[in-house]
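Novice: Attaching a single structure in structure tokens format; questions to follow.
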Amino acid sequence: MGSTMEPPGGGYLHLGAVTSPVGTARVLQLAFGCTTFSLVAHRGGFAGVQGTFCMAAWGFCFAVSGLVVACEFTRLHSCLHLSWGNFTAAFAMLATLLSATAAVIYPLYFTRLECPPEPAGCAARDFRLAASVFAGLLFLAYAAEVALTRARPGQVASYMATVSGLLKIVQAFVACIIFGALVYDSRYGRYVATQWCVAVYSLCFLATVAVVALSVTGHTGGLGCPFDRLVVVYTFLAVLLYLSAAVIWPVFCFDPKYGEPGRPPDCPRGSCSWDSQLVVATFTYVNLLLYVADLAYSQRIRFVPSL
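Residues 95 to 401, numbered by the numbering used here, are exactly what the sequence shown covers, in order.
Written out as structure tokens, the structure reads:
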């Protein structure tokens with residue numbers, strides 16, 4: 095009688111979801127994530143945009159990680175209209191970037207060796223130090239999942255598990271940093287040339303997000319042309335577009351004819367348009383290198399869209 099209760103595909107619960115190396119990494123993510131934002135919320139404290147970002151990043155990563163573990167453990171992911179392998183690989187890379195950023199920002203803005211004034215006192219300092227340590231461990235747990243699930247050379251895998259797919263997440267993340275700097279008084283509207291750069295950032299970001307969305311939803315097969323070829327063509331165009339921005343933006347921001355070659359002496363730190371322009375220039379070159387690396391890898395990947 096007991097055997098008739100077994101589902102055709104095996105047991106209802108998949109113990110490998112928590113006992114395999116990847117499963118262990120995900121369980122550690124839940125433990126470290128819960129510990130981190132609990133320490134901050136209880137006594138560590140946070141304030142301002144930086145603290146809100148850290149708490150939002152930890153909360154988002156914890157919630158989605160909990161969903162991933164629950165779906166893997168109960169096998170419910172087979173009921174979702176998603177390419178599960180692409181979804182988990184994309185989220186692991188995004189969570190790695192978010193947790194790494196939060197692990198740098200929180201100690202930088204909130205953690206000090208000396209005790210803050212009462213009523214917070216030394217207890218708040220100790221909680222902030224502990225939260226900083228667990229934030230670092232959380233980043234390592236997500237990085238471990240990315241390392242364990244990344245497709246090896248010659249291996250057939252889901253697209254987002256390949257180096258090219260993981261680079262797409264990093265490119266979109268770097269573009270968000272660029273947009274943040276652009277919004278923060280970068281004065282990009284002064285010249286048509288700098289407006290062109292903003293158009294380049296926006297176009298490449300939207301195209302990258304579209305590639306990720308098509309992969310995660312498993313709709314890459316309905317494009318009417320091979321997805322891998324389309325990715326190579328788009329990445330090549332993105333390299334050319336970013337190359338133009340990498341030349342134009344510094345010229346129109348830092349050349350003496352159009353902008354300031356050095357930081358103005360009357361420009362307050364933390365609220366200076368020159369700083370924002372420097373951030374945009376720096377991350378423009380970062381994304382250009384990422385797209386070049388993506389182009390090199392995307393020509394020799396092998397993946398299965400439905401994985």
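All residues carry an ideal CB built from backbone N, CA and C; glycine is no exception.
Since the structure is predicted, the reported quantities are computational estimates derived from the model, not experimental observations.
Leaving out five residues on either side along the sequence, give the residues of the same chain with a beta carbon under 6 Å from the beta carbon of Thr-98.
Specialist: Confidence at Thr-98 is low in this model, with a pLDDT of 40, below 50, so the placement of that residue is unreliable and no value is reported for it.
Novice: Which whole-angstrom value is the C-beta distance of Tyr-352 and Tyr-285, which I expect to be below 8 Å?
Specialist: 7 Å
Novice: I need the straight-line Cα distance from Thr-314 to Val-134, nearest angstrom please.
Specialist: 41 Å
Novice: For a quick check, are the C-beta atoms of Ala-269 and Cys-298 less than 8 Å apart?
Specialist: For Ala-269 and Cys-298, yes; Cβs fall inside 8 Å.
Novice: So, at 6 Å on beta carbons, what are the nonlocal neighbours of Val-325 in its own chain, with the 5 sequence-adjacent residues on each side left out?
Specialist: Ser-392
Novice: In whole angstroms, give me the CA-to-CA distance for Phe-273 and Phe-221.
Specialist: Rounded to the nearest angstrom, the gap between the Cα atoms of Phe-273 and Phe-221 is 33 Å.
Novice: Grab the span of the alpha helix (DSSP H) containing Gln-144 for me, first residue to last.
Specialist: For Gln-144, the enclosing alpha helix (DSSP H) covers residues 142–168.
Novice: Given that a residue counts as buried once 16 or more other Cβ atoms are within 10 Å of its Cβ, and exposed if not, what is Val-327?
Specialist: Taking a 10 Å sphere around the C-beta of Val-327, we find fewer than 16 other C-beta atoms and assign the residue as exposed.
Novice: Cα-Cα, which of Val-333, Gly-318, Ala-375, Cys-319 is closest to Phe-346?
Specialist: It is Ala-375 whose Cα lies nearest to the Cα of Phe-346.
Novice: Counting beta carbon pairs with one atom in the stretch 118–128 and one in the stretch 202–211, are three or more of them shorter than 8 Å?
Specialist: no
Novice: Is Asp-369 closer than 8 Å to Thr-329 when the C-beta atoms are compared?
Specialist: no
Novice: Can you say whether Leu-335 is buried or exposed, counting buried as having 16 or more other CB atoms within 10 angstroms of its CB?
Specialist: buried
Novice: Which residues in the same chain as Pro-101 place their Cβ atom closer than 7 Å to its Cβ, once the five residues preceding and following it in sequence are excluded?
Specialist: A caution first: Pro-101 carries a pLDDT of 49, below 50, which makes its placement in the model unreliable, though a value can still be read off. Listed in chain order, the non-local C-beta contacts of Pro-101 below 7 Å within the same chain number zero, local neighbours out to five positions each way being set aside.
Novice: If the criterion is Cβ atoms closer than 8 Å, does the pair Ala-266 and Thr-302 meet it?
Specialist: yes
Novice: Which of the three DSSP states is assigned to Pro-245 in this structure?
Specialist: The sequence shown places Ala at residue 245, rather than the Pro named in the question. If DSSP states are grouped into helix, strand and coil, Ala-245 belongs with coil.
Novice: What do you reckon, are the CB atoms on Ala-183 and Ser-252 nearer than 8 Å?
Specialist: yes
Novice: Touch check for the stretch 170–190 and the stretch 229–243: three-plus C-beta pairs under 8 Å?
Specialist: Touching, yes, given that three or more Cβ pairs across the two stretches are closer than 8 Å.
Novice: Of the choices Tyr-200, Val-162, Ser-296, Ser-309, whose alpha-carbon is the least far from that of Phe-403?
Specialist: Given a span of 95 to 401 for the chain in the structure shown, any question on residue 403 remains unanswerable.
Novice: Taking only runs of the beta strand (DSSP E) that begin and end inside the stretch 302–342, which ones reach a length of at least 3 residues, in chain order?
Specialist: Within the stretch 302–342, no complete beta strand (DSSP E) run reaches 3 residues.
Novice: Using the Cα positions of Gly-110 and Ala-151, report the straight-line distance between them to the nearest angstrom.
Specialist: 27 Å
Novice: Could you round the C-beta distance between Thr-378 and Ala-339 to whole angstroms and report it? I think they count as a contact, below 8 Å.
Specialist: 5 Å
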